[in-house]
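Working notes, structure below.
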Amino acid sequence: MNYMCQVTRGRSFMSFVLVVSRIVPVFTFLAFSAGVLGDEAFVSPPLADNDEPILRVQTEVPRSHIASIAFSPDGKFLYAAGWDKTVHVWTRQDGNGKYVASPERMLRLPIGPGEYGRINTMALSTDGTLLAVGGVSIMRHGSGFRDQYAGLMIPPQSLTKEQRLDRGVVYLFNTATCQLTHEFRGCRDEVVGLTFVQGDNEWLIAASLESALDRNVPVVRNVRVFNTNTGRNHSHCEMPDGEVVDPIPSLCAAAIAKQRFRVAIAWNDNQVFLWDVDKNNGTFRTPLPKKALDCRSVCVEAGKPSSFLLGARATPLSGGDWHGKVLSIVESSSDPVPKVLAPELFWPTHVASTSTNNGKSSRIVALFAKEKRQPVDGKRFVWWLGTNETAAKDAWNYTQLPPLDSARLAVCENMVAIARHHPEEILLYDAAGLRGGNAKPMQVLAQPSSPIDDAHFISRGKERGLRLRLRNRAELVLNLTNGDFEREKLDSWRPDVLKAEGFQWRRSGTDASRIIVRETSRLDTELPLPAHCRWTDRTVVRVNNRQIYPHPLLVVGLDVGGAPQVNVYDTHTGEWLRRLSGDSGQIISLSASEDGRFIVGVTNDGVVSIWRLDDLEQSVSNQGMLRGVMATDSNEGIRIDQFDAVRFPRSVARYAQAGLAEGDLLEGFVRGGALHQPEQAWELLMKIATLKPGTKVQLQVRRTVRQGVQVAKPITVPIGLAVDERKPHFQFVCLHDTGLDRWSYIGWTPLGPYDTNDPAAAELVGWHFNPSEGQKEAKFVPLSESRHLRRRGLLGHLLTHDQPPDPPPPP
């Protein structure tokens, strides 16, 4: 298991890397509320320590991965949520039937840097009155956007119980008032699935991925039932251990008796579980596994609560040769048996159902994905089956389909919506037209920011700029000194990029999670990257400036199953030194300035971020860490759960040589002749962070030598370098008015000052206010209402100074 507890999800990735703020008083912040998990109803989790307003880009369409879409039952509203940390809402116009963005109805959650505030899942109640949202919530003592101090990266095993509960909050909104009504606590980490019981708004089902304590597995998969009236954690079902290809489950639930409802769970582990929950006492029947059933989608057939629909690729439970099927499981007294509705050679990855004829009948919609070995010709993509129809109807030729690796499907009686990734857009179809063979969408909802392919530093005398290459291969220059765009005489600018002479990198065979670095007159160095990651030569850049750091550095932009990471490594030792956090989009290119002081990164959502590296040596030389040690709280005390010898092989080897072992209990450490005894793993890590790397510390260890017998012994170990975190020095987005062929930009810093060459662009960026004490909802205020924060020449000034320019004198 990797340090930082990373879990593959196929097209996306759950990274449990945590960032904590150093401005938290190390010895005084451990004042947490106590309580039984099931009694924590409607409790608002504390915000990150720095809860000042946050600058955010706002667009009408999600800028990054769309995790979930849903129609209101009447099709009047369309909801979409994802990794840009906002629930977007569109309203259908009465005249032309087009969907128009309704910013006044947008739903906002508390957010923080990196993954904090990311939405993984969303559920709309059957009547459309309630909307539940879950993902990665902000936790107490997390590093904030406006925190000028370094954050520290820590393993998730070391979080306190309260911090775990903070990360797993589920938010419930009233769709009529657009107000937050409740916050449910009970999930002990990232929420990855939500569904209401069909026809019964009182019950909400939540699935979560939680750090495995006292278990030799990466994560534990849990499903919980919340009562939306009381906020109680009513029931809990832990899924069995198993190899999971995609940790995002598909859930559905329906009432099957007066006091009982059934939950169907497909978690991509070749099993489908049916869980019966009693409304009164929470008891449940043992889940029924369906072996060899690779099911990626489950739903309740509209108007038929006893019928569950499965999109599966499988060998049947009894004979036959199935490639891909839509199955129906109908309620029975003992073991429900799947019934084949229609066979297909393609894999039905998404299945949905909607009522028709005023609820008198239902229709099933499915999306099919093609296996690599299967031919394309003659196959179909969207498939329909109505109650009175004798066979399925093909509605869309497969050759016309968008990429399905991260598609999302939503249906209502008259509309079908398909959301796709790269680019982020939602395709809207009239149901009648689609059934008639019209594969052209009636409307496409796409984000407007102009996509930039890469950016490189350039200079012209004392002027500094960025050469921007667009995806259509056109180029333009943003003059950072005067804030203007240039499209002619680009040859007058000189490249200001670092050359990697005598330096090469390559993959370790076919394994993208290893980079082999080769330098002249040195042995090769292997850099261990996160498991299941992807990178390209355009997202790797070398920095070599001894004034910044004594060894050459490699900065790597990673796609870890869809989640972005930018890591900085020491190429001589292979050690991971820093995480560069920023936007939620995927990094598509990186470049360094010639002096190595700055890194510029471009994401697939059009945001350009510039980070500083010139404080790296000072930062890492003053913060300590037990590298590769995953300490966790247990009933016996602070226990070393595991060593991460893959990510931190040198440090783990030194610990083993000193005599430290997995399973040891850490009672404290000696400093200044006194024994310090932290009560929690979190507190231990914060105290270790105050020690200088390279110093040696004596740990007081208690070890079980045989059953019931423990011995105490001192073990001296070296303190390693901490892995710190930095936000962007500044960011900007570019916009293109195609009608006037005019370019504009708006750039900003986390601290508030901004600059633009078009005041109208200030409407795109604004202040996000996390809820303060006594408030429920987060709110957004356009930056145009804070024009006093505009600083002309901001971006160029930030390249030569640590701080933004002073405000102009009053008129």
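For the sequence shown, the working numbering gives the first residue as 214, with consecutive numbering after it.
C-beta atoms are modelled at their ideal positions from N, C-alpha and C, and glycine is treated no differently.
Contact check for S315 and W303: beta-carbon distance about 6 Å, within the 8 Å limit, so the pair qualifies. In this structure, the CA atom of H634 is about 13 Å from the CA atom of A294. Judged by beta-carbon spacing, A389 lies beyond the 9 Å limit of L407, meaning their Cβ atoms are not closer than that value. T694 is not bridged by DSSP to any residue. Where Y312 is concerned, the enclosing beta strand (DSSP E) starts and stops at 312-314. Buried is the label assigned to R380, since at least 16 other Cβ atoms lie within 10 Å of its Cβ. If you compare the alpha carbons of D818, P941, D402, Q913 with that of L1008, the shortest gap goes to P941. Per DSSP, C625 has no beta bridge partner at all. Taking all protein chains in view, the Cβ of N817 is crowded by 16 or more other Cβ atoms within 10 Å, so the residue is classified as buried. Shown here, S999 sits in a helix according to DSSP, grouped into three states. For I469, no alpha helix (DSSP H) encloses it; the enclosing beta strand (DSSP E) starts and ends at 463-470. Shortest Cα-Cα distance from L736 to any of I351, L742, W718 involves W718. DSSP lists V730 as the beta-bridge partner residues of W718.
The straight-line gap separating the alpha-carbon atoms of S957 and R321 is approximately 27 Å. Put simply, of E807, G288, R401, T752 the residue whose alpha carbon is nearest the alpha carbon of I801 is T752. The Cβ-Cβ distance between I928 and V914 falls below 9 Å. For H449, the enclosing beta strand (DSSP E) has its first and last residue at 446-451. With three or more CB-CB distances shorter than 8 Å, the region 980-997 counts as touching the region 264-281. Around the beta carbon of K492, a 10 Å sphere encloses 16 or more other beta carbons of the protein chains shown; the residue is thus reported as buried.
Rounded to the nearest whole angstrom, the C-alpha separation of V813 and E807 is 12 Å. Around the C-beta of H1001, fewer than 16 other C-beta atoms lie within 10 Å, and the residue is accordingly described as exposed.
At a Cβ-Cβ threshold of 9 Å, I932 and G837 count as neighbours. Contact annotation: S804 and D667 have beta-carbon atoms nearer than 9 Å. Note on geometry: alpha-carbon atoms of P972 and L693 lie some 17 Å from one another. Q923 is positioned such that its CB atom lies no closer than 9 Å to that of L873. Around the beta carbon of Q376, a 10 Å sphere encloses 16 or more other beta carbons of the protein chains shown; the residue is thus reported as buried. About 4 Å separates the beta carbon of H785 from that of H764, a gap short enough to meet the 8 Å contact definition. Contact between the region 857-865 and the region 826-843 is established, with three or more Cβ pairs separated by less than 8 Å. The residue from D783, F386, P664 with its alpha-carbon nearest to that of E732 is D783.
In the three-state reduction of the DSSP assignment, G881 falls in the strand class, which pools E and B. Within the region 372-429, complete alpha helix (DSSP H) segments of at least 4 residues are found at 374-380, given in chain order. Within the same chain, F409, N414 come within 7 Å of S338 by CB-CB distance, once the 5 residues on both sides are set aside. Counted as a single uninterrupted DSSP element, the stretch harbouring G798 is not any beta strand (DSSP E), since DSSP gives it neither H nor E. Taking C-beta separations shorter than 7 Å and ignoring five residues to either side along the sequence, the partners of R509 in its chain run S463, A479, N481, G524, T562, following chain order. When beta bridges are read from the DSSP output, E638 appears opposite R633, A659. DSSP, reduced to helix, strand and coil, places G837 within a strand of the structure shown.
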